[in-house]
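2 protein chains.
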Amino acid sequence: MANRNHKGNTRTRIIDSARILFAEQGYQKTTVMDISRQAGLSEAALYDHFHGKEDLLLAIPQLWVSELIDDLEEQLFGIQGAYNKLRKYLWWYMRRVEQAPLDAKVVYLFLKTNANFMATEVYSNVKRLYAYLLDIFEEGRAAGEMRPDLNPYVARDLFVGTMDHIVTRWLLKDQSYSLFENLDSLFELLSSAFRPAPAAGADTEPADPGAAGVEGALDRG
Amino acid sequence: MANRNHKGNTRTRIIDSARILFAEQGYQKTTVMDISRQAGLSEAALYDHFHGKEDLLLAIPQLWVSELIDDLEEQLFGIQGAYNKLRKYLWWYMRRVEQAPLDAKVVYLFLKTNANFMATEVYSNVKRLYAYLLDIFEEGRAAGEMRPDLNPYVARDLFVGTMDHIVTRWLLKDQSYSLFENLDSLFELLSSAFRPAPAAGADTEPADPGAAGVEGALDRG
DNA sequence: CTCAGAACCTAATGTTATTAGGTAAATTGT
DNA sequence: ACAATTTACCTAATAACATTAGGTTCTGAG
Numbered sequence: 000m001a002n003r004n005h006k007g008n009t010r011t012r013i014i015d016s017a018r019i020l021f022a023e024q025g026y027q028k029t030t031v032m033d034i035s036r037q038a039g040l041s042e043a044a045l046y047d048h049f050h051g052k053e054d055l056l057l058a059i060p061q062l063w064v065s066e067l068i069d070d071l072e073e074q075l076f077g078i079q080g081a082y083n084k085l086r087k088y089l090w091w092y093m094r095r096v097e098q099a100p101l102d103a104k105v106v107y108l109f110l111k112t113n114a115n116f117m118a119t120e121v122y123s124n125v126k127r128l129y130a131y132l133l134d135i136f137e138e139g140r141a142a143g144e145m146r147p148d149l150n151p152y153v154a155r156d157l158f159v160g161t162m163d164h165i166v167t168r169w170l171l172k173d174q175s176y177s178l179f180e181n182l183d184s185l186f187e188l189l190s191s192a193f194r195p196a197p198a199a200g201a202d203t204e205p206a207d208p209g210a211a212g213v214e215g216a217l218d219r220g
Numbered sequence: 000m001a002n003r004n005h006k007g008n009t010r011t012r013i014i015d016s017a018r019i020l021f022a023e024q025g026y027q028k029t030t031v032m033d034i035s036r037q038a039g040l041s042e043a044a045l046y047d048h049f050h051g052k053e054d055l056l057l058a059i060p061q062l063w064v065s066e067l068i069d070d071l072e073e074q075l076f077g078i079q080g081a082y083n084k085l086r087k088y089l090w091w092y093m094r095r096v097e098q099a100p101l102d103a104k105v106v107y108l109f110l111k112t113n114a115n116f117m118a119t120e121v122y123s124n125v126k127r128l129y130a131y132l133l134d135i136f137e138e139g140r141a142a143g144e145m146r147p148d149l150n151p152y153v154a155r156d157l158f159v160g161t162m163d164h165i166v167t168r169w170l171l172k173d174q175s176y177s178l179f180e181n182l183d184s185l186f187e188l189l190s191s192a193f194r195p196a197p198a199a200g201a202d203t204e205p206a207d208p209g210a211a212g213v214e215g216a217l218d219r220g
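These protein sequence lines are chains U and F, in that order.
For the first sequence, position 59 matches number 58 in numbering that gives the first Met the number 0, and the numbering has no gaps at all.
For the second sequence, position 199 matches number 198 in numbering that gives the first Met the number 0, and the numbering has no gaps at all.
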């Protein structure tokens with residue numbers, strides 16, 4: 000018999016226990032004893048696998064996020080047009096969050112605010128995920144689908160900020176509704192932000208940037 | 000002599016010390032001893048003023064946020080047109096964050112993820128702050144400045160999400176650049192999301208909702 | 001001028017994270 | 001096959017905090 004020498008197995012078991020407990024009760028209110036008990040070992044044994052509680056926290060979503068990276072290219076492969084890619088991106092991400100709410104909770108609620116997060120591999124992967132959007136916006140602009148004066152970084156902020164906001168609220172409200180509610184309407188709004196200002200009747204190639212027109216005298220900060 | 004009986008004075012001094020330390024080193028890494036020492040008293044004395052460390056955390060931004068509420072109406076008073084109000088809102092908020100980065104840091108990085116936050120007075124004030132936007136979008140739609148099919152809640156998510164994203168990054172990057180960089184360009188993008196789809200030459204009343212047109216065969220989540 | 005209570009103190013107490021030091025099973029080198 | 005290591009685990013400290021007990025000094029009202 001003897002269940003020793005699980006190798007990587009135990010590590011996974013600890014991570015799984017921690018993920019559930021952190022997502023359930025929060026990082027602070029979960030004790031190391033809670034986790035080790037749930038994983039079926041002593042506190043000290045946990046420290047043979049992780050440097051500490053925080054190290055464990057950082058380890059939880061590593062696999063999930065790296066899988067996201069791999070899946071993203073896969074999912075967008077073959078889709079034509081910036082808006083189509085954008086839409087796929089949004090639906091795909093929401094689905095992935097819906098499928099792994101615990102990982103999402105750890106990332107959004109406990110990791111993103113953590114001081115050491117920016118030094119993490121998770122962080123650099125998240126950045127890559129978001130950076131993908133820059134290419135899409137560039138493509139859209141180059142193809143004339145999007146406004147010629149579009150700043151891809153600003154566009155990304157708009158897109159990512161909105162997405163993160165939706166996800167965060169959903170997580171805080173304990174996934175009590177569907178992430179896809181209003182998503183069509185949201186995407187429609189986002190899309191029109193990027194579309195070129197249509198110059199009277201045509202639906203491609205607008206000439207003038209600054210064609211705002213509606214607002215009048217605006218005050219400055 | 001005798002500096003006893005400060006009454007409310009000491010409470011303020013504790014809050015000020017905690018605000019600085021939390022913003023500097025984070026909530027977890029700041030000890031109650033750090034705070035009480037900085038405020039010039041013993042740990043036990045601190046507990047005569049606050050129920051505990053978390054209670055103290057929640058108390059920090061209370062004044063700031065309630066001042067925001069009061070100031071907002073003041074600032075928007077007399078401004079005509081939904082876009083003008085929206086712009087003022089954005090610039091005003093960024094300015095307030097810039098002026099009180101420590102409070103903003105506490106709210107954005109330590110409070111928003113806190114489980115008890117939703118039961119806080121700060122939370123209900125933040126909600127009121129955001130709810131104000133709903134009125135603006137309603138107004139814009141009613142006046143024909145904005146698209147007739149605009150969902151105010153979705154519009155608010157777009158606006159708030161983007162704003163929060165910009166602010167959060169700025170805070171995480173230690174305020175190393177100006178919050179107002181690209182703000183004009185950002186506002187332009189946001190505005191065009193809300194503007195009615197101009198039906199060939201006119202600038203009011205587009206008939207059909209689903210008038211997306213650009214994207215083709217889209218997959219569904 | 002007493003007395004309630006405010007504001008503060010030192011010194012416990014309790015809870016957690018983390019470490020020391022050890023044991024037995026498994027693995028490795030010979 | 002069998003010493004020597006290494007791995008995976010343990011019990012029992014230790015240490016860092018948050019929080020509480022219980023007391024002292026000052027202040028101000030009656």
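Even for Gly, the Cβ is constructed at its ideal location relative to N, Cα and C.
Residues near residue i in its chain [Cβ-Cβ closer than 8 Å; skip 5 each side]
i: alanine 216 of chain U; result: For alanine 216 of chain U, the predicted model reports a pLDDT of 36, less than 50, meaning its position is unreliable; a value from the coordinates is still stated below. Cβ within range, chain order: n/a, list empty.
i: isoleucine 59 of chain F; result: Ile14, Ala17, Arg18, Phe21, Asp102, Val105
i: leucine 157 of chain U; result: Leu189, Ala192
Secondary structure of residue i, DSSP reduced to three states
i: asparagine 181 of chain U; result: coil
i: aspartate 134 of chain F; result: helix
i: arginine 194 of chain U; result: coil
i: isoleucine 59 of chain U; result: coil
i: lysine 126 of chain F; result: helix
i: asparagine 115 of chain U; result: helix
i: glutamine 27 of chain U; result: coil
i: serine 41 of chain U; result: coil
i: phenylalanine 49 of chain F; result: coil
i: phenylalanine 21 of chain U; result: helix
i: phenylalanine 186 of chain U; result: helix
Rounded straight-line distance, which links the Cα of residue j to that of residue i
i: glutamate 73 of chain U; j: leucine 71 of chain F; result: 47 Å
i: histidine 48 of chain U; j: isoleucine 13 of chain U; result: 9 Å
i: glycine 77 of chain U; j: arginine 140 of chain U; result: 19 Å
i: tyrosine 88 of chain F; j: asparagine 181 of chain U; result: 25 Å
i: methionine 145 of chain U; j: arginine 155 of chain U; result: 13 Å
i: glycine 25 of chain U; j: methionine 32 of chain U; result: 14 Å
i: tyrosine 176 of chain U; j: tryptophan 169 of chain U; result: 7 Å
i: valine 121 of chain U; j: leucine 188 of chain U; result: 30 Å
i: threonine 30 of chain F; j: asparagine 115 of chain U; result: 18 Å
i: leucine 57 of chain F; j: proline 147 of chain U; result: 46 Å
i: glutamate 97 of chain U; j: aspartate 173 of chain U; result: 11 Å
i: arginine 95 of chain F; j: leucine 132 of chain U; result: 30 Å
i: glutamate 138 of chain F; j: asparagine 124 of chain U; result: 41 Å
i: alanine 34 of chain F; j: tyrosine 107 of chain F; result: Inspection of the sequence shows that residue 34 of chain F is occupied by isoleucine rather than by alanine. Taking the straight line joining both Cα atoms gives about 21 Å.
i: alanine 43 of chain U; j: isoleucine 165 of chain U; result: 39 Å
i: leucine 128 of chain F; j: aspartate 69 of chain F; result: 10 Å
i: proline 197 of chain F; j: tyrosine 152 of chain U; result: 26 Å
i: leucine 75 of chain F; j: tyrosine 82 of chain F; result: 12 Å
i: threonine 161 of chain F; j: tryptophan 91 of chain F; result: 15 Å
i: alanine 211 of chain F; j: aspartate 183 of chain U; result: Unreliable positioning characterises alanine 211 of chain F in this predicted model, as indicated by a pLDDT of 40, which lies under 50. The coordinate reading is nonetheless provided below. Between alanine 211 of chain F and aspartate 183 of chain U, the C-alpha separation is close to 11 Å.
Contacts that residue i makes with chain U (C-beta to C-beta distance below 9 Å)
i: phenylalanine 109 of chain F; result: Thr112
i: isoleucine 135 of chain F; result: Under the 9 Å cutoff, chain U gives no residues; its nearest Cβ is about 13 Å from isoleucine 135 of chain F.
i: glycine 25 of chain F; result: Thr112, Asn113, Ala114
7 Å Cβ cut-off: residues of chain F touching residue i
i: alanine 192 of chain U; result: Leu188, Leu189, Ser191, Ala192
i: threonine 161 of chain U; result: Asp156, Leu157, Gly160, Thr161
i: proline 197 of chain U; result: Pro197
Close beta carbons around residue i, own chain, < 7 Å, minus the five adjacent residues each side
i: isoleucine 19 of chain U; result: Leu101
i: leucine 85 of chain F; result: Ile135
i: phenylalanine 186 of chain F; result: Arg86, Leu89
i: phenylalanine 179 of chain U; result: Met93
i: glycine 80 of chain F; result: Glu144
i: lysine 52 of chain U; result: Val31
i: glutamine 37 of chain U; result: Ser16, Leu20
Neighbour list for residue i in chain F, Cβ cutoff strictly below 8 Å
i: leucine 185 of chain U; result: Val153, Asp156, Leu157
i: histidine 50 of chain U; result: In chain order: nothing, as chain F lies at least about 16 Å away.
i: isoleucine 165 of chain U; result: Asp156, Gly160
Neighbour list for residue i in chain F, Cβ cutoff strictly below 9 Å
i: glycine 77 of chain U; result: Neighbours of glycine 77 of chain U on chain F: none; closest Cβ ~11 Å, over 9 Å.
i: asparagine 181 of chain U; result: Asn150, Tyr152, Val153, Asp156
Other residues of its chain near residue i: CB distance less than 6 Å, five sequence neighbours each side excluded
i: alanine 22 of chain U; result: Leu101, Lys104
i: leucine 110 of chain U; result: Phe116
i: asparagine 113 of chain U; result: none
Length at least 3, wholly inside the segment 78-111 of chain F: the beta strand (DSSP E) runs in chain order = If one requires a minimum length of 3 residues, no beta strand (DSSP E) run lies completely within the segment 78-111 of chain F.
Residue ranges of each alpha helix (DSSP H) within the segment 133-177 of chain F, 4 or longer = Scanning the segment 133-177 of chain F for uninterrupted alpha helix (DSSP H) segments of 4 residues or longer gives 151-171, listed from N- to C-terminal end.
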